[in-house]
Structure formats: C-alpha cells, structure tokens
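Enquirer: Mind looking over this structure? Questions follow.
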Amino acid sequence: MQRLSWNRTLPALAVATLVWATGLPGGPAAAQAPGDIYSVGGIAVDETGADGSAARAAALRSGERVAFDRLLRWLLLDRDVAQVPSDVRADPSGFVTGYSVQSERIAANRYRATIEVQFDPNRVRGLMNELELSFEERRPPTHLLIPLFDLDGRLDLWDHNPWLDVWAHRPGTGDFIPLLVPHGDIGDVSALSAADAAGGQADRIAGLARRYGVTRALLVRADQAADDGHVLVSVRLVDRGQPIAEPLHLRLNRAVDETDAELLQRAAATTARAAADLWIQSVRDRRQTDGVLAVRADFASHAEWRRLFGELLRSSRLADVTVRRLTTRQADLALAYSGTPEAVRAALAAIGLNVEIDDAPWRVRFAAEPEPPPATEPAPEAPVAAPPPVTPIVD
Numbered sequence: 067m068q069r070l071s072w073n074r075t076l077p078a079l080a081v082a083t084l085v086w087a088t089g090l091p092g093g094p095a096a097a098q099a100p101g102d103i104y105s106v107g108g109i110a111v112d113e114t115g116a117d118g119s120a121a122r123a124a125a126l127r128s129g130e131r132v133a134f135d136r137l138l139r140w141l142l143l144d145r146d147v148a149q150v151p152s153d154v155r156a157d158p159s160g161f162v163t164g165y166s167v168q169s170e171r172i173a174a175n176r177y178r179a180t181i182e183v184q185f186d187p188n189r190v191r192g193l194m195n196e197l198e199l200s201f202e203e204r205r206p207p208t209h210l211l212i213p214l215f216d217l218d219g220r221l222d223l224w225d226h227n228p229w230l231d232v233w234a235h236r237p238g239t240g241d242f243i244p245l246l247v248p249h250g251d252i253g254d255v256s257a258l259s260a261a262d263a264a265g266g267q268a269d270r271i272a273g274l275a276r277r278y279g280v281t282r283a284l285l286v287r288a289d290q291a292a293d294d295g296h297v298l299v300s301v302r303l304v305d306r307g308q309p310i311a312e313p314l315h316l317r318l319n320r321a322v323d324e325t326d327a328e329l330l331q332r333a334a335a336t337t338a339r340a341a342a343d344l345w346i347q348s349v350r351d352r353r354q355t356d357g358v359l360a361v362r363a364d365f366a367s368h369a370e371w372r373r374l375f376g377e378l379l380r381s382s383r384l385a386d387v388t389v390r391r392l393t394t395r396q397a398d399l400a401l402a403y404s405g406t407p408e409a410v411r412a413a414l415a416a417i418g419l420n421v422e423i424d425d426a427p428w429r430v431r432f433a434a435e436p437e438p439p440p441a442t443e444p445a446p447e448a449p450v451a452a453p454p455p456v457t458p459i460v461d
C-alpha cells in the first residue's frame, strides 16, 4: 500500500499548489481512497421455513455467514482464516450493521433474494487485533485475466482453450481480485499471442490490458497432459507488463470420477484464491522497503504533474512517495522502493517515463509523444470526362 508523505518544510504555497494539482484535498488518506471492503454483496440466499417471515430470517442468517466468510477471505491470507474461531464464523451477527436486498421473492414458506451485508469496520478490526492477525483493508484494482493452456505441449491462448472457457463461465462475485475475462476477439488475438504471453513480453501484455482500460493483469497458465491425472498452474501478477511478485506454482490432482472440465473448474477456484494470497503478500513485501531513491521530475504543466504523481502512487514497486520540493515545472521526490533500483527503473519506464540515471538525483519526465507524420498534399483529382449526350426516346 503506497503512502504519500508530506515534508514539514514544504512551503505553504507549494502545499496548496500540490493539493490543487494532484486533486488530493484530503492529504494522504484521500490519495487512494479504498472501496468499502466491509460491504459484501452478491450473496444469493434461498431458504424455506414455517412461513415467509421465518424463511426470510433463516435466509438472512445464512447470508450473514456467507458474507462474513467472504470478508475474512478478503482481509486475510488463506492460512489465517482458520484462526478465526468457528463459533464466530457460525454466528457473525454481532458484526453486522445492515443489509441491502435485491431481487426479493417471498412465497408461503420460501424466501429468495440477493443481498448485500454491511459489517462494522471497527468491530471487525477489533477481532483481528484480538486474534493478532495481519489483515488488508484494500481490495486490488481490477486485473485482466490472461489464461494460457498447454495440453501435451500445444500452447493456446485464444483458440481451443478450455481454460479460458472455464474462467469466462465461472461466477467471480466472491473473488478478492476483481477480474476481467477477455473476449478473445480479433483485436485481442492481434494484441497478444500465446508465445508472447508465455514469454512475458511486457509491451504486448500491457497493450492487451490497455484495450480493457486497466494496467494490471493476472497471468494464469495451466499445463495438462491428456494421460495424466493432474494439472499444473502457474500464477503471475503484472503491472504494465512488469511482474510485481514471484510467480506461484500449484499442482492439483484429479479426484475420483472427476472430468477434465471439473478439474479445470476446481483449478480456477483454487487459482483465484491463491492469486489473492499472492497479492496480499506482495503488498506486505512492499512495505519492507529496500531503499530510497532521490528523483527530480520535470513536467510541462500542472495537468502533467498530476498525471505523473498519480502514476507514481499507483506503481506496485513504490512503497512511499515523499514530495521534498515543488515548483511549477519540477518536483524533487524521495521514492521508497522494494526490489532493486533496476526494477524501479523498469517500473518507471513502464509508466511511460524517460529515466536519466547518469547523475544523482535521477531525472524523469514523460516521453515525448511521437510527432505525427507530415500531412501530404492531396493528389490532384483526375479530370472527369463529360458523360455522352443522351438521345431522347420519343414514343
């Protein structure tokens, strides 16, 4: 989770300019306002009872349990969820502050609806602190899913890809990482090939993500042999084509009487949960900064500064952005980073910045847009021959 630091010596006028230029009137807290992770929606309930009222009460209780379990899996690493006492998970009503109900259908002794459950953040935080569990309160930004499938050495991304079909048809409401599944249309096929995805071609992966209006992607590769009883899955998180964590590798063995389709469906559910853990761990790792870089940013306008500053805040490689000095054309920054300086340079380049590292501090600016080709003079129109005279027809 990136943090914005404010230097106490920054002049008041510069601070006012920074607030205006970045659009962050609330300071660091407003820099990355999180979505409300404590409101858990999309919970389908269907219960029966002695009458409609009893069925509704039973449905809300079951919905509370499902929503609370989903919240725990958003807040915690998978291994830590089991640390929450079973009696608390069985009856989380003490943490509930309200409901929203959609698509409600009440019969004589049956109740069906889709509900959203609101939980009390302070009470949930108190539980986490009491149990001494580390937790994350921010869901990741939306990621584009890139599902590679290898069957007996044949690698597919778009055509004949049952792995893509599984992800396209699975309900992803409860996933911690919001996912976009690509359409696989001609534009997607042109943007990224299976070989480029497997080879980690950053520009091609970033280009496909841009088609869907995002910068981050989740690469999930499933390898399967037709005569084997297991599937191997590798999981990679990338930002602008650059990896932000070490890949994760999973092996799922086929259960008795499990079909290929069922195995891949189970693999997708397991992969989504593993990707959540990978994300949470990467956030925690970024807090353990490996160094601080002095950087001078050049920009041509307040709008360009706001864009540059926002991109730095969103960078998965940076843990902290401190503004040391700000003028109308330059900013001196201290960037606390995880990884290596070379990895930081690659991350800045992926944002679209030119980086000069010959001297300290580093100098960064947005790369100039390529000049459009000069307009060519239109070719003179060829003379148009006059149509032959039409002889009138007389009846």
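Just so you know, the sequence shown maps onto residues 67 to 461 in our numbering.
For glycine and all other residues, C-beta sits at the position ideal for the given N, C-alpha and C.
(1) Between A321 and A413, what straight-line distance do the alpha-carbon atoms span, to the nearest angstrom?
(2) Skipping 5 residues on each side, what residues in its chain have a beta carbon closer than 7 Å to that of T337?
(3) Between the C-alpha atoms of A366 and A261, what's the straight-line distance to the nearest angstrom?
(4) Would you kindly report the start and end of the unbroken beta strand (DSSP E) that includes P187?
(5) Output the boundary residues of the alpha helix (DSSP H) element that contains H235.
(6) What does a CB cutoff of less than 8 Å around A123 pick up in its chain, not counting 5 residues either side in sequence?
(7) Cβ of T336 versus every heavy atom of the ligand GTP: is any distance shorter than 8 Å?
(8) Short of 6 Å in beta carbon distance, which residues of its chain neighbour L314, apart from the five on each side in sequence? Order them along the chain.
(9) Taking just the CA atoms, how far does R429 sit from F375?
(10) What are the residues that DSSP puts in a beta bridge with A402?
(11) Spell out the partners DSSP gives Y165 in its beta bridges.
(12) Near S159, which residues of its chain fall below 7 Å by C-beta distance, leaving aside the five closest residues on each side in sequence?
(13) Using the Cβ count rule (16 or more neighbours within 10 Å means buried), how would you classify E328?
(14) Which same chain residues, not among the five before or five after R352, have their C-beta less than 6 Å away from its C-beta?
(15) Roughly how far, in whole angstroms, is the beta-carbon of L399 from the beta-carbon of R390, given that I think they are within contact range, below 8 Å?
(16) Does G376 come out as helix, strand or coil in the three-state DSSP assignment?
(17) Distance, Cα to Cα, P100 vs E202?
(18) Looking only at its own chain, which residues have a Cβ that is under 6 Å from the Cβ of Q184, when we skip the five neighbours before and after it?
(19) Give the straight-line distance between the Cα atoms of L137 and A360, rounded to the nearest whole angstrom.
(20) Could you please give the first and the last residue of the uninterrupted beta strand (DSSP E) stretch that includes V301?
(21) Looking at C-beta atoms only, is the number of pairs between the segment 180-200 and the segment 237-253 that lie closer than 8 Å three or more?
(22) Let me confirm a value: E113 is counted as buried when at least 16 other C-beta atoms fall within 10 Å, else exposed. Which label applies?
(23) State the DSSP-derived secondary structure class of S200, mapped to helix, strand or coil.
(24) Give me the DSSP bridge partner(s) of A333.
(25) Could you tell me the boundaries of the alpha helix (DSSP H) in which P407 lies?
(26) Determine the burial state of A156: buried for a count of at least 16 other Cβ atoms within 10 Å of its Cβ, exposed for fewer.
(27) So what does DSSP say about I109, is it helix, strand or coil?
(28) Can you name the residues that DSSP bridges to D364?
(29) Mind checking whether A257 and G273 have CB atoms under 9 Å apart?
(30) Have a look at G219, R332, G238, L214 and flag the residue whose alpha-carbon is nearest the alpha-carbon of N227.
(31) What does the alpha-carbon distance come out to for the pair A402 and S382?
(32) Count the other C-beta atoms from every protein chain shown that fall within 10 angstroms of the C-beta of V358, then say buried if there are 16 or more, exposed otherwise.
(33) Which ranges does the beta strand (DSSP E) cover as unbroken runs of at least 3 residues, wholly within the segment 105-153, from first to last along the chain?
(34) Give the range of the alpha helix (DSSP H) segment to which D269 is assigned.
(35) Return the Cβ separation of A363 and A397 in integer angstroms, given the expectation that the two are a contact with Cβ distance under 8 Å.
(36) DSSP puts L221 in a beta bridge; with which residues?
Expert: Here's the rundown:
(1) As a working note, residue 321 is residue 255 in the sequence shown. As a working note, residue 413 is residue 347 in the sequence shown. Approximately 42 Å between the Cα atoms of the pair.
(2) Looking up residue 337 in the sequence shown gives position 271. V286, V299, V301, L316, listed in sequence order.
(3) Taking the first residue of the sequence shown as 1, we reach residue 366 at position 300. Taking the first residue of the sequence shown as 1, we reach residue 261 at position 195. Between A366 and A261, the C-alpha separation is close to 39 Å.
(4) Along the sequence shown, one-based indexing puts residue 187 at 121. Here P187 belongs to no beta strand (DSSP E); instead the alpha helix (DSSP H) covers 187-196.
(5) Residue mapping note: residue 235 aligns to position 169 of the sequence shown, counting from 1. First-last of the alpha helix (DSSP H) with H235: 228-235.
(6) Position 57 of the sequence shown, counted from the start, is the residue given in the question as residue 123. Same-chain partners within the cutoff: G115.
(7) With respect to the ligand GTP, the structure offers nothing, as it holds no ligand at all.
(8) Here residue 314 corresponds to residue number 248 of the sequence shown, with the count starting at 1. For L314, where only same-chain residues beyond five positions count, the Cβ hits under 6 Å are V301, A340, L344.
(9) Translated into the one-based positions of the sequence shown, residue 375 becomes position 309. Translated into the one-based positions of the sequence shown, residue 429 becomes position 363. Cα-Cα distance, rounded: 14 Å.
(10) By 1-based counting over the sequence shown, the position of residue 402 is 336. In the DSSP output, where bridge partners are listed per residue, A402 has V358, D386.
(11) The residue given as residue 165 occupies position 99 in the sequence shown. DSSP lists V183 as partners of Y165.
(12) Sequence index remark: in the sequence shown, residue 159 carries index 93 (1-based). The answer, listed in chain order, is E130.
(13) Against the sequence shown, residue 328 aligns to sequence position 262. With fewer than 16 other Cβ atoms within 10 Å, it is exposed.
(14) The residue given as residue 352 occupies position 286 in the sequence shown. Only A385, S404 meet the Cβ criterion.
(15) As a first step, residue 399 must be located in the sequence shown, where it is residue number 333. As a first step, residue 390 must be located in the sequence shown, where it is residue number 324. With 8 Å as the limit, L399 and R390 qualify as a contact, their Cβ atoms being about 6 Å apart.
(16) Locating residue 376 in the sequence shown gives position 310, where the first residue counts as 1. Note: G376 maps to helix in three-state DSSP.
(17) Stepping through the sequence shown from its first residue, residue 100 is reached at position 34. Stepping through the sequence shown from its first residue, residue 202 is reached at position 136. Residue confidence for P100 is low, a pLDDT of 41 falling below 50, so the modelled location carries little weight and cannot support an answer.
(18) In the sequence shown, residue 184 corresponds to position 118, counting from 1. Answer for Q184: S105, T163, G164, listed in chain order.
(19) Translated into positions along the sequence shown, residue 137 becomes position 71. Translated into positions along the sequence shown, residue 360 becomes position 294. Looking at the two C-alpha atoms, the distance is approximately 39 Å.
(20) For this step, residue 301 is matched to residue 235 along the sequence shown. Per DSSP, V301 belongs to the beta strand (DSSP E) from 296-305.
(21) no
(22) Start at 1 with the first residue of the sequence shown, and residue 113 comes out as number 47. So E113 counts as buried.
(23) Mapped onto the sequence shown, residue 200 falls at position 134. Three-state DSSP puts S200 in coil, outside helix and strand.
(24) Locating residue 333 in the sequence shown gives position 267, counting from the first residue. BP columns for A333 are empty, so no partner.
(25) Reading the sequence shown from its first residue, position 341 is the one you call residue 407. Run containing P407: 407-417, per the alpha helix (DSSP H) assignment.
(26) As a first step, residue 156 must be located in the sequence shown, where it is residue number 90. Label assigned to A156: exposed.
(27) Within the sequence shown, numbered from 1, the residue matching residue 109 stands at position 43. I109: strand per DSSP, three-state reduction.
(28) Indexing the sequence shown from 1 puts residue 364 at position 298. Partner(s): Q396.
(29) On the sequence shown, position 191 is the one that residue 257 refers to. On the sequence shown, position 207 is the one that residue 273 refers to. Yes, the Cβ-Cβ distance between A257 and G273 is below 9 Å.
(30) Position 161 of the sequence shown holds residue 227. Measuring from the Cα of N227, the nearest candidate turns out to be L214.
(31) The residue you call residue 402 lines up with position 336 of the sequence shown. The residue you call residue 382 lines up with position 316 of the sequence shown. Near 11 Å, if we compare the C-alpha coordinates of S382 and A402.
(32) In the sequence shown, the residue the question calls residue 358 occupies position 292. Exposed, since its Cβ has fewer than 16 Cβ neighbours within 10 Å.
(33) 105-114
(34) Within the sequence shown, the letter at position 203 stands for residue 269. Run containing D269: 268-277, per the alpha helix (DSSP H) assignment.
(35) Here residue 363 refers to the residue found at position 297 of the sequence shown. Here residue 397 refers to the residue found at position 331 of the sequence shown. With a Cβ gap of about 5 Å, A363 and A397 count as contacting.
(36) On the sequence shown, position 155 is the one that residue 221 refers to. Its beta-bridge partners are D216.
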